[in-house]
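Below you'll find the structure, written out as structure tokens, and then a few comments.
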Amino acid sequence: MEKTEVDRRTEAVRHLRKMKKITTKLSQLYPELAATFQVQETVYQRSVAAAIMIVDQQDKR
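In structure tokens:
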């Protein structure tokens, strides 16, 4: 079964929320590394957004 655009976006949001929870927990456990975890979360968010854009462009072709 092929995933629809809504399915892909829903899955991406689910992954981002999971990443946010993990980042928050790690930041609480290791406050001295909180900035590093925040950067990693931002990079992950941007890569997911870029992947969605690429798939959207491929779907339009």
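With this note's numbering applied, the sequence shown closes on residue 68, and no number is skipped along the way. Note that the Cβ used here is the ideal one computed from N, Cα and C, for glycine as well. Quick caveat: nothing in here was measured; it's all calculated off a predicted structure.
Closest to residue i by C-alpha separation, out of the options, would be which residue?
i, options, result
"Arg24", "Lys10, Thr43, Glu48 and Leu40", "Glu48"
"Ser54", "Leu40, Met26, Ala41 and Thr31", "Met26"
Please report how far the alpha carbon of residue i lies from the alpha carbon of residue j, in whole angstroms.
i, j, result
"Asp66", "Tyr51", "23 Å"
"Met60", "Gln35", "33 Å"
"His22", "Pro38", "23 Å"
"Asp63", "Thr43", "30 Å"
"Lys10", "Leu33", "32 Å"
"Arg68", "Ala58", "16 Å"
"Thr30", "Glu12", "27 Å"
Grab the span of the alpha helix (DSSP H) containing residue i for me, first residue to last.
i, result
"Arg15", "Glu12 to Leu36"
"Arg68", "Premise fails: Arg68 is in no alpha helix (DSSP H) and is neither H nor E."
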